[in-house]
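>
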Amino acid sequence: MIKSPKLSIALVQTDLHWKDKVANLAMLEEKLWGMEEQVDLIILPEMFPTGFSMDAEELAEPMNLTVCRWLRQMASQKKAYITGSAIIKTEEGFVNRLLWVSPEGMIQHYDKRHLFRMAKEEQTFAAGLRQPIFELNGWRVCPQVCYDMRFPVWSRNRTLDGKLAYDLIFYVASWPAARISAWDALLPARAIENLAYSIGVNRVKADGNGVMYNGHSAAYDYKGNQLEYMGEEDKIALVHLDAEELEAFRQKFPAWMDSDDFLIK
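Under the working numbering, think of the first position of the sequence shown as -12, with each following residue one higher.
1. May I ask which residues mark the beginning and end of the beta strand (DSSP E) holding lysine 8?
2. DSSP three-state label for glutamate 79, please.
3. Using the C-alpha atoms, what's the distance from glutamate 44 back to tryptophan 57?
4. Decide if the segment 181 to 190 is in contact with the segment 231 to 244; the criterion is three or more beta carbon pairs, one per stretch, under 8 Å apart.
5. How would you write the range of the beta strand (DSSP E) that valine 226 sits in, first residue to last?
6. Mapping the DSSP letters down to three states, classify serine 63 as helix, strand or coil.
7. Do proline 256 and tyrosine 97 have their CB atoms nearer than 8 Å?
8. Measure how close the beta-carbons of leucine -2 and glutamate 215 come, nearest whole angstrom, since I'm counting them as under 8 Å.
9. Would you call glutamate 111 buried or exposed, if buried means 16 or more other Cβ atoms sit within 10 Å of its Cβ?
10. Please report the distance separating the alpha-carbon of isoleucine 75 from that of tryptophan 162.
11. Is glutamine 238 helix, strand or coil when you go by DSSP?
12. Buried or exposed for asparagine 83, please, with buried defined as at least 16 other CB atoms from any protein chain shown within 10 angstroms of its CB.
13. Pick out whichever of Gln118, Ile94, Asn189 has its Cα sitting closest to the Cα of leucine 52.
14. Taking only the alpha-carbon atoms, compute the straight-line gap between alanine 113 and aspartate 2 and give it to the nearest angstrom.
15. What does cysteine 133 pair with, by DSSP beta-bridge criteria?
16. If you draw a straight line from the alpha carbon of methionine 61 to that of leucine 28, how long is it in whole angstroms?
17. Ignore the nearest five residues each way along the sequence and tell me which others in alanine 13's own chain have a CB closer than 6 Å to its CB.
18. Hey, how far is the Cα of glycine 115 from the Cα of asparagine 124?
19. Considering only DSSP beta bridges, list what alanine 259 is partnered with.
20. For leucine 228, collect the residues of the same chain with a Cβ closer than 6 Å to its Cβ; drop the 5 residues on either side in sequence, then sort them by chain order.
21. Among all the DSSP beta bridges, which residues are the ones paired with methionine 41?
22. Tell me, to the nearest whole angstrom, how far the beta carbon of isoleucine 186 is from that of methionine 22; I am working on the premise that it is less than 8 Å.
Put into structure tokens, the structure is as follows:
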């Protein structure tokens, strides 16, 4: 598929109602309908229907129920891809699943690989085993979830058919204010080392456990230049990515051709 020259993306940095799917979906729907500009992709935070909770037994649902149906509805109505993670119950157990939904209603997913043991996430959820690459208007997109950002080997932009595997890497997150300096440092690093655009969408304000989140959602280009920084506001920001500029830089500075080859087990 021929890559579209531009890609427009909405970053939804928001507070979340604690463990209340109905309230969160209604709130997000109102926010999205307030967007006037047409975009290609809408990115929501990690566990956007509930907040970051380990109460999987209480909050999980199977695929194609309330959350998936809502995502399909919003993707169709906004004529855009939409993504964010939710607590999903599978035959193998609970997963923190990033859902990627097209305007036509097709759902793909990525299960969070690195589970945050400091919150005992690994005791509740099963870790993802594969790293998919999604396609959007000819752009190749690598999905990640929060704590994944600390593990650059997993997100390494390997070669695929003689080209870099992806053009954009993005993170949906519930990244606490106490460690926001790491978020601010690692997000541009992922862009620089992978010669790709990098976007992170975090939530704001306190959750039901008293954990404070202060946003800092942002977008960076392939050189680590900041394209958008959202501070601590509850708002939506739009960013526009340029395919021609990305390819020109990769040809001028093909550092990826000197990268090490390795296998992940």
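Think of the CB as a built atom: it goes at the ideal place given N, C-alpha and C, for glycine as much as any other residue.
According to the structure data:
1. That residue, lysine 8, is in no beta strand (DSSP E); its alpha helix (DSSP H) goes 8 to 20.
2. coil
3. 21 Å
4. yes
5. 222 to 229
6. helix
7. Not covered by the structure: residue 256. The range shown for the chain is -12 to 252.
8. 7 Å
9. Position check: residue 111 holds threonine in this sequence, whereas glutamate was assumed. Threonine 111 is buried by the Cβ-count criterion.
10. 20 Å
11. helix
12. buried
13. Ile94
14. 26 Å
15. Answer by DSSP bridge pairing: none, since cysteine 133 is not bridged.
16. 11 Å
17. none
18. 26 Å
19. Outside the shown range of the chain, which is -12 to 252, sits residue 259, and nothing can be said about it.
20. Leu(-6), Tyr184
21. Methionine 41 pairs with nothing; no bridge assigned.
22. Not really, about 17 Å apart at Cβ, beyond 8 Å.
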